[in-house]
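This report concerns only the one structure given below.
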Amino acid sequence: MYNVILVDDDYPVLELLSEAIGWEELGLQLTGMHENGQAAWEQAQEALPDIVITDIGMPKMNGLELIERLKERKANIRFVILSCHSEFQFAQQAMRLNVQDYLLKDALDPAELEMLLRRVKESLDAEAQMNWQQSRLKHMVDETKELRKEQWLKNFIEQPLLSPQDWLKEAQNNYGLLAEEMACLPVIGFLEGYSQAKRRFLSDQTLRFAVNNVMDEVLQAAELPCFHTSYGNRESFLLFSFRPGIKTNVYDQIGGSLKAAQDALQWTLKLRISFILGEPCSTPETLRPMLGELVGSRAQRFYLEEGDIAKRRPVTKQAYEEVFTDYDLASTELRESVIGKRPEAVKTVVERWTSQLKAREYAPETVKDWMLKLLLDLKLKLQSLQFMHPGYSADTLHKEIAEIDSLSEMKHWLIEHLEAVSLLVGTARTSMRAEVVEACKYVSLHLDRRISLEEVSEHLHLNASYFSRMFKKETGESFIEYVTRMKMERAKELLDRTSHSVGKICELLGYDNQSYFIKIFKSHTGVTPVEYRG
1 MYNVILVDDD YPVLELLSEA IGWEELGLQL TGMHENGQAA WEQAQEALPD
51 IVITDIGMPK MNGLELIERL KERKANIRFV ILSCHSEFQF AQQAMRLNVQ
101 DYLLKDALDP AELEMLLRRV KESLDAEAQM NWQQSRLKHM VDETKELRKE
151 QWLKNFIEQP LLSPQDWLKE AQNNYGLLAE EMACLPVIGF LEGYSQAKRR
201 FLSDQTLRFA VNNVMDEVLQ AAELPCFHTS YGNRESFLLF SFRPGIKTNV
251 YDQIGGSLKA AQDALQWTLK LRISFILGEP CSTPETLRPM LGELVGSRAQ
301 RFYLEEGDIA KRRPVTKQAY EEVFTDYDLA STELRESVIG KRPEAVKTVV
351 ERWTSQLKAR EYAPETVKDW MLKLLLDLKL KLQSLQFMHP GYSADTLHKE
401 IAEIDSLSEM KHWLIEHLEA VSLLVGTART SMRAEVVEAC KYVSLHLDRR
451 ISLEEVSEHL HLNASYFSRM FKKETGESFI EYVTRMKMER AKELLDRTSH
501 SVGKICELLG YDNQSYFIKI FKSHTGVTPV EYRG
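Each residue of the sequence shown is one higher than the one before, starting from 1 at the first, in UniProt numbering.
The following block contains the structure:
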């Protein structure tokens, strides 16, 4: 079991957490509760904890000072900050200290903390397991040699080639590359799911050396001699040597070796890797630009499926604005499937739109912007409708998506987030009655047509007069006023996101009379639709 201490100057919080969390079920042992950092520090002198859940603002010693002192004694302690402080500077300081999470007391849910503790325990378990693996890997890998080899190739790619003959001599003598009458075919490998893999292996260094060991072992048995090295944390280079003019198909031979490497990584490390093959080169002058082109093939890599082995090809970049042409349609489809609590529909919609993105091959950063905006807009919309509490950070989502290297991985990321949102719809803590929340949901799903009080009352199995009074009491506005306001908000979205004419938007919102629609819009916004867009 891992030892946990709680530190908070609010004793009721200590009591709540000590009783609400199933410590033993989580494989944890609560060894201490302290009302200030000094008391926690004194206990830690006798037995250092594995996990610390602490407030920030406390007498005698604050939480940040306690964390700094404990990390000096034991670097791998996991910290969770529980605080009333929502100021950015505290969160920023906490993140610099590598705190596992930062929870606000006013939004504290013991169940959420329990889930976080499960992840922390899994991290500690993984670290314990990896300790013996690291010792095993260290004696198998000559770290200095590997780093020197990687730096040698980086210098060749990134720096001017002043003396091709000197470089060729070094390549032949040290690495067996481009020997007389020999050529080489370069291949770049892209590690899939890098962020998750890094968390599992705890560090870039351990991950790289684990991958290198498996790859080198497989490539030693390859049909063709192969020079292999890491190229940064996520990529690898493989340079296969062969004699030009032989009748055997070099691409088939190399493809077999690459497939063997993929199988070994999957079997041994539960990792997946994709490859892009370059073209044969026989001189330093042709090899260097080919390697540069492979490094620059990240746009092609973005559209590879997991485990693909493909030949290098140019990718035509589409205009940034084009990806947002159908944005409103995608946003509407996803919102309707999420509000309707249909996770299977969420997956179908995401897969259809990612297929369209793949077919058009927009720049990776453009696609990331599109998906991040899609998710943030949806969450903000649901929050404004009181269908769910905020419970998310735009910065966190931006960090997550920045770490993603492929459309395939991004599709899974988006589906996972949207399915989680779908399950949370309707769970927000709100004073409104369930019938009113359901009515608001119904309106959101049917903004494209006329919505009457009687229709919604019948949907809720309520008397129309009773429902009308209830809605007014709960929301402060009549049902018709609410419907009109939602339609006008949707009209603004359509004006902002699409090039539809005012007449078309009028139709999309279920209005028969365009003049009436313009009049209502102006009464809500102070301007006509044309003026709003202009």
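The beta-carbon is built from N, C-alpha and C at its ideal position, and this holds for glycine as well.
Practice prompt. With a cut-off of 8 angstroms on the beta carbons, I'd call L185 and V250 a contact; round off their distance for me.
Written response: 6 angstroms
Worksheet item: In whole angstroms, what separates the C-alpha of L239 from that of F227?
Response: 5 angstroms
Worksheet item: Is it right to say P529 is buried, meaning 16 or more other beta carbons lie within 10 angstroms of its own, or is it exposed?
Response: buried
Discussion item. For the stretch 263-277 against the stretch 199-215, do three or more pairs of beta-carbon atoms, one drawn from each stretch, fall closer than 8 angstroms, so that the two count as touching?
Written reply: yes
Worksheet item: Given R78, which residues of its chain have a CB within under 8 angstroms of its CB, disregarding the five upstream and five downstream residues?
Response: D50, I51, V52, Q100, V120, S123 and L124
Worksheet item: Could you check where the beta strand (DSSP E) with F240 kicks off and where it finishes?
Response: E235 to F242
Discussion item. Ignoring anything shorter than 4 residues, give me the alpha helix (DSSP H) runs that lie fully in the UniProt domain "Response regulatory" (3-120), in order along the chain.
Written reply: 11-20, 37-46, 63-73 and 88-96
Worksheet item: Taking Cβ to Cβ, would you say L271 is nearer than 8 angstroms to L191?
Response: yes
Worksheet item: Could you give the C-beta distance for N233 and R208, rounded to a whole number, given that I count them as a contact under 8 angstroms?
Response: 6 angstroms
Item to complete: Excluding the 5 residues preceding and the 5 following R533 in the sequence, name in chain order all residues of the same chain whose CB lies nearer than 7 angstroms to its CB.
Response: L495
Worksheet item: Since C184 sits in a beta bridge, which residues does DSSP pair it with?
Response: S241 and C281
Worksheet item: Taking the runs of the alpha helix (DSSP H) that are 4 residues or longer, which of them lie wholly in the stretch 150-208?
Response: 164-175 and 194-201
Item to complete: Go through its chain and collect everything with a Cβ distance to V13's Cβ below 6 angstroms, but skip five positions before and after it.
Response: none
Practice prompt. Output yes or no for whether 8 angstroms exceeds the beta carbon distance between G255 and E409.
Written response: no
Item to complete: Grab me the residues of L277's own chain with a C-beta within less than 6 angstroms of its C-beta, minus the 5 sequence neighbours each way, in chain order.
Response: V187 and K311
Worksheet item: Run through DSSP, which three-state label would A310 get?
Response: strand
Discussion item. G307 and S274 - do their beta-carbons sit closer together than 8 angstroms?
Written reply: yes
Worksheet entry | Bounding residues of the alpha helix (DSSP H) (the contiguous stretch that carries T332) | Y327 to I339
Discussion item. Taking 8 angstroms as the threshold (C-beta atoms), are S331 and L374 in contact?
Written reply: yes
Worksheet item: Distance, Cα to Cα, A428 vs L108?
Response: For A428, the pLDDT reaches just 49, beneath the cut-off of 50, and the residue's location in the model is therefore unreliable, leaving the point undetermined.
Fill in: Start-end ranges of the alpha helix (DSSP H) lying completely within the UniProt domain "HTH araC/xylS-type" (437-534), minimum 4 residues
453-460, 464-475, 479-497, 502-508, 514-525 and 529-533
Discussion item. How far does the beta strand (DSSP E) with Y231 in it extend, from its first residue to its last?
Written reply: C226 to Y231
Worksheet item: Taking Cβ positions, are G63 and G37 nearer each other than 8 angstroms?
Response: yes
Practice prompt. State the CB to CB distance for the pair I67 and T31, rounded to an integer number of angstroms; the pair is presumed to be in contact (CB under 8 angstroms).
Written response: Going by Cβ atoms, the distance from I67 to T31 rounds to 18 angstroms, so no, they are not a contact pair.
Worksheet item: What span of residues does the alpha helix (DSSP H) with S257 cover, start to end?
Response: V250 to L269
Worksheet item: Between which two residues does the alpha helix (DSSP H) harbouring F324 extend?
Response: It is not in any alpha helix (DSSP H) - F324 carries neither H nor E in the DSSP assignment.
Item to complete: Take H500 and list the residues in its own chain whose beta-carbon comes closer than 8 angstroms to its own, dropping the five residues that flank it on each side.
Response: L494 and L508
Worksheet item: What are the boundary residues of the alpha helix (DSSP H) that includes Q300?
Response: R298 to F302
Item to complete: Report the residue from S230, Q29 and H34 whose alpha carbon sits nearest the alpha carbon of D8.
Response: H34
Worksheet item: Any idea which residues DSSP pairs I415 with across the strands?
Response: DSSP lists no partner for I415.
Worksheet item: In this structure, does DSSP put S406 in helix, strand or coil?
Response: coil
Worksheet item: What is the rounded straight-line gap between the Cα of Y516 and the Cα of T498?
Response: 21 angstroms
Worksheet item: Around the C-beta of L291, are 16 or more other C-beta atoms found within 10 angstroms, so that it is buried, or is it exposed?
Response: buried
Practice prompt. Would you mind sorting H417 into buried or exposed? The rule is 16 or more other CB atoms within 10 Å of its CB.
Written response: buried
Item to complete: Consider the Cβ of Q45: report whether some Cβ of chain B lies at a distance smaller than 8 angstroms.
Response: Of the protein chains in this structure there is only one, and it is not chain B.
Fill in: Residue from E24, G296, P160 and W23 whose Cα sits closest to the Cα of E235
G296
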